[in-house]
Every structure is written in C-alpha cells, then in structure tokens.
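Okay, so the sequence shown: first residue is 4 according to the working numbering, each after it adds one.
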Amino acid sequence: MRSIKLTARDGVSIQDVEASSRARHELKYLVSYHEYLVLRNRLKFVLQQDSHSMDDHGYNVRSLYFDDMDDSAMFSKQAGLLNRKKIRIRIYNCSDQIIKLEKKSRFNNMIKKEAIQISRLEYDAMITNNIEFLRDAGTETALMFYYEFKQALLRPKVVVDYTREAYMLPYMGIRITFDKMLRAGTRTDIFDTDQILVKAMEEHLMIMEVKYDLFLPDYLASLLQEVSRGKLSLSKYVMCRELNPAWF
4 MRSIKLTARD
14 GVSIQDVEAS
24 SRARHELKYL
34 VSYHEYLVLR
44 NRLKFVLQQD
54 SHSMDDHGYN
64 VRSLYFDDMD
74 DSAMFSKQAG
84 LLNRKKIRIR
94 IYNCSDQIIK
104 LEKKSRFNNM
114 IKKEAIQISR
124 LEYDAMITNN
134 IEFLRDAGTE
144 TALMFYYEFK
154 QALLRPKVVV
164 DYTREAYMLP
174 YMGIRITFDK
184 MLRAGTRTDI
194 FDTDQILVKA
204 MEEHLMIMEV
214 KYDLFLPDYL
224 ASLLQEVSRG
234 KLSLSKYVMC
244 RELNPAWF
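Take a look at the structure:
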C-alpha cells in the first residue's frame, strides 16, 4: 500500500470528541432473537431510539481495531484481566463524514472512552503507519494517541462490522443497544470496496449492551433479570479475531 505523508500545508482537521469522558457502567448480554423482540417492544415504550438510526433496524457500525505485535488487547481479554484497553477507528453507515479514532479503557464493569474525529486523508495516512499528524495536532487527546501508537507499535488487525439498534434515556445517561449481524472483514481497510465480510455470530443471537452513568431505574433493572444467559463478558473484537486466526 502506498505510504501517505501529511505535511503542515495539508492542515490537521482533528477534533476532540470525548477528550475527558467520565467512566460509565457497561453490562453485556447475549440474547436470542425471541428475547430481543420482547425486550425491544418493552424498551420502545420507555426509551427513545437513537437519532443515528436509518430505520427501525438501526444503523451500520464498522470499526478497524489495532493491536501490538503480541496481540496484547486480544489476550488481555481472553485472560480475563479486569483492566484493559482497545484502540479502534470507527465509522457509521459506511460513510467517511464522521471518522472517530477511539480508545476504550475498561476497569472491571466501568468503561471510559476518549476519542478524536479525523479526516479521510488522516485515516488514509494512519493505515500506512503515518501518524505524525497526531503529534502535531495540538490537543492532549491526539498526543495521547500518538504515544499509544508509537510505544506499542500498533498495527491494523481486523475490521468488525455489525448493525446496531440503539435506545436511550439522555437525561439519565442510559443507552441500551442491540448489536446484530456481527461480521469480520478479511481486509484491514474499512473503506475497501472489495471487503469480504464473514459471519462471526449466529444470526439468531445478538449482543445487548447496557451503559449508564450512576444507576439503572428499577423497571430497567428488572427487565434485564429476564435475560436467560445473564450478564456475560463479550468482546466483538475477540470474536472476530478468533474466527480465523490465519487471516490476521
């Protein structure tokens, strides 16, 4: 792949998105299609659907995950470590209008996200291992990403693709999502038109994620108790990496 080098005259379009996001609770559940229908019908009465949704089924999320040469992010999850982190680039509905570079840190059941928005030109530079623009961007968050990539020698590992149906209660910081049709890409460019996507989870199953700031209201907490499998430790990144290690 041709190396792309950004210079000062190219400009830097980086914007801090969640530079100082506070830690939140995150719970994950594996639900069946039947459970999804029941939960979805109940949630629609008390939560509003995310504005990013294209229709009732939600919107597409596609992420490119990075890891070091030892696959530390993958193995820390497999080993069940309570404190771990992942770095990814994320887009929505296969558009380059919003491209986020994100770091997601987990401390047991608490998560924290730090993110910046980058341009398509900056994305193209990153996948050719040119990250100097992060150092020159002039924000603390961009500089943090620069050192993460430099110190760990992070490289693209896998594209993770799914449909997300999201419901929220903004004034309480509550967000519940259903991630469906999880697939892994066999190429490490989220904009590759020849990308081949391979099923990484059975179609009758989906991942429900529950995020909240302080507490869940009783009517939502009792609803979660009806999920047959209970709370689980799940990682879409690891599920896609484990699909066929020879690809990665």
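Even for Gly, the Cβ is constructed at its ideal location relative to N, Cα and C.
When only Cα atoms are considered, N86 and F218 end up about 21 Å apart. The beta carbon of V230 sits closer than 7 Å to those of Y32, V34, E38, all from its chain and outside the five residues before and after it, given in chain order.
For L84 and Y240, the gap between their C-alpha atoms comes out near 15 Å. With contacts defined as CB atoms closer than 8 Å, V163 and Q198 fail to qualify as a contacting pair. As for any alpha helix (DSSP H) of minimum length 4 sitting wholly inside the region 20-80, the runs are 36-49, ordered along the chain. Separation of the CB atoms of I193 and I92 is rounded to 7 Å, and the pair is thereby assigned contact status at 8 Å.
In the three-state DSSP reduction, L200 falls in the strand class (E or B). Judged by DSSP in its simplified three-state form, F181 adopts strand.
Beta-bridge annotation (DSSP): G188 is paired with V162, L200. Spatial neighbours of A26 in its own chain (CB-CB distance under 8 Å, excluding positions within 5 residues in sequence) are listed in chain order as F110, M113, I114, K115. In this structure, the alpha-carbon of C97 lies about 7 Å from that of N63.
Residue pairing from DSSP places Y215 in a beta bridge opposite H28. The way I'd put it, the region 207-215 does touch the region 174-192; three or more beta-carbon pairs between them come closer than 8 Å. Per DSSP, Q120 lies in no alpha helix (DSSP H); the unbroken beta strand (DSSP E) holding it starts and ends at 113-121. For Y150 and K107, the gap between their C-alpha atoms comes out near 15 Å.
Note on L235: under 16 other CB atoms within 10 angstroms of its CB, so exposed under the neighbour-count rule. The criterion of a C-beta distance shorter than 8 Å is not satisfied by D53 and A224. A distance of 8 Å or more separates the beta carbons of T189 and L67.
The straight-line gap separating the alpha-carbon atoms of L42 and L104 is approximately 31 Å. Burial is judged here by how many other beta carbons sit within 10 angstroms of a residue's own beta carbon; A128 has at least 16 and is buried. When the five nearest sequence neighbours on each side are left out, the beta carbons in the same chain lying within less than 6 Å of the beta carbon of R65 are those of I94, D164, I193, in order along the chain.
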